[in-house]
Amino acid sequence: MLVGKPGNAADQGDGTDVSSKFEIIGKQELASETKLGMRFPSYQVINQSDGRAWEFQQKLKSDGRFRIVVFAGNVANAQQSARLKGFCESLSSSSLLAPHLIKNVEVLTLHSSKRKEVELLRDFPDILHPFDSKFGWDYDSVYADDANPFEGFGDAYKGYGVDRETGCVVVTRPDQYVGYIDTVDAEGFRGVETYFKGIFAS
60 MLVGKPGNAA DQGDGTDVSS KFEIIGKQEL ASETKLGMRF PSYQVINQSD GRAWEFQQKL
120 KSDGRFRIVV FAGNVANAQQ SARLKGFCES LSSSSLLAPH LIKNVEVLTL HSSKRKEVEL
180 LRDFPDILHP FDSKFGWDYD SVYADDANPF EGFGDAYKGY GVDRETGCVV VTRPDQYVGY
240 IDTVDAEGFR GVETYFKGIF AS
């Protein structure tokens, strides 16, 4: 239920997995170096808004929340941008997941476009950087796999084994272990939602 990986519990990685009627298998090939049932690795990324370099693992805080990590791919490409919007529209309208966003599930985005060729408020759906009436837009949830003038290029997509054009979606558990992997589109969202049906009551 907590790791979308084929095989019995002994093969899943850490012994916390249990059987479930919502059993679903993640698409490991979409993130070949981000192993299902293993800890989410860390590579340098840069903040879309201010260009500051971070180790991506620093953004997966141990605060009890699941993470939906959206490897958005090349959002400067119109076709990929449409796929990302389809995923986000499905997420926004999900009766299962929408009520859990922010409190129980955080969405983080890592794209592969040149940071200066895209703009946060123009090119990324609102759900990826939600607006708060008190604090305004969230500028701390969208990152780029691009060079920083002081820290260089982290090449995170290569490290995670993710295609720079099409990306993927990786779900991590609160302990930062990888639970599920699927595509960045409406169909991929259905897989993500099915994974969470084994965890959250609708």
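To get the numbering used here, take the position in the sequence shown, counting from 1, and add 59. Glycine residues also receive a C-beta, built at the ideal position from the N, C-alpha and C atoms.
*Classification of Pro184 by the beta-carbon crowding that lies within 10 angstroms, buried from 16 upward*: With 16 or more other Cβ atoms within 10 Å, it is buried.
*What are the complete alpha helix (DSSP H) segments, minimum 4 residues, inside the stretch 88–172?*
If you keep only unbroken alpha helix (DSSP H) runs of at least 4 residues inside the stretch 88–172, you get 137–152.
*For Ala131, which of Phe125, Arg124 and Gln139 has the nearest alpha-carbon?*
In terms of Cα proximity to Ala131, the closest of Phe125, Arg124 and Gln139 is Gln139.
*What whole-angstrom Cβ distance do Arg142 and Val230 have, given they're in contact under 8 Å?*
Here Arg142 is actually not in contact with Val230; their C-beta atoms are around 18 Å apart, not less than 8 Å.
*Check each candidate in Ile186, Ala245 and Leu95 and name the one with the smallest Cα separation from Ser151.*
Ranking Ile186, Ala245 and Leu95 by Cα distance to Ser151 puts Ile186 first.
*Those runs of the alpha helix (DSSP H) which lie wholly inside the stretch 172–216 and span at least 4 residues*: List check, alpha helix (DSSP H) in window: 179–182.
_Using CA atoms only, rank isn't needed, just tell me which of Leu89, Pro65, Val166 and Val62 is closest to Val221._
Closest by C-alpha distance to Val221, out of Leu89, Pro65, Val166 and Val62, is Leu89.
*Quickly, what does DSSP pair Tyr236 with across the bridge? List them, please.*
DSSP output for Tyr236 lists Arg98 as bridge partner(s).
_Contacting residues, own chain, Cβ-Cβ under 7 Å from Gln235 (five flanking each side not counted)_ = Correct list, in chain order: Arg98, Phe99 and Leu119.
_Using 8 Å for Cβ pairs, my map puts Val228 next to Val129. What's the rounded Cβ distance?_
Contact between Val228 and Val129 is confirmed by a C-beta separation of about 6 Å, below the 8 Å threshold.
*asked:* Helix, strand or coil, according to DSSP, for Asn67 in the structure here?
replied: Bear in mind that a pLDDT of 40 at Asn67, under 50, signals an unreliable position, so the model cannot answer this.
*asked:* Less than 7 Å between C-beta atoms, sequence neighbours within five positions excluded: which residues of the same chain meet that for Gly63?
replied: A distance below 7 Å between beta-carbons, with the five flanking residues on each side excluded, links Gly63 to the following residues of its chain, in chain order: Ile83, Ile84, Gly85, Leu95, Gly238, Tyr239 and Tyr254.
*By how many angstroms is the C-alpha of Gly123 removed from the C-alpha of Thr93?*
Roughly 21 Å separates the two Cα atoms.
*Using DSSP with H/G/I as helix, E/B as strand and the rest coil, what is Thr253?*
In the three-state DSSP reduction, Thr253 falls in the helix class (H, G or I).
*Residues of its chain near Asn207, where Cβ-Cβ distance is below 7 Å and the 5 sequence neighbours each way are ignored*: Result list for Asn207: Ile105, Gly110 and Ala112, in chain order.
*In whole angstroms, what separates the C-alpha of Leu156 from that of Glu210?*
Those two C-alpha atoms are separated by around 36 Å.
*Between the beta-carbon of Arg181 and the beta-carbon of Gln107, is there less than 8 Å?*
Using a Cβ distance threshold of 8 Å, Arg181 and Gln107 do not count as a contacting pair.
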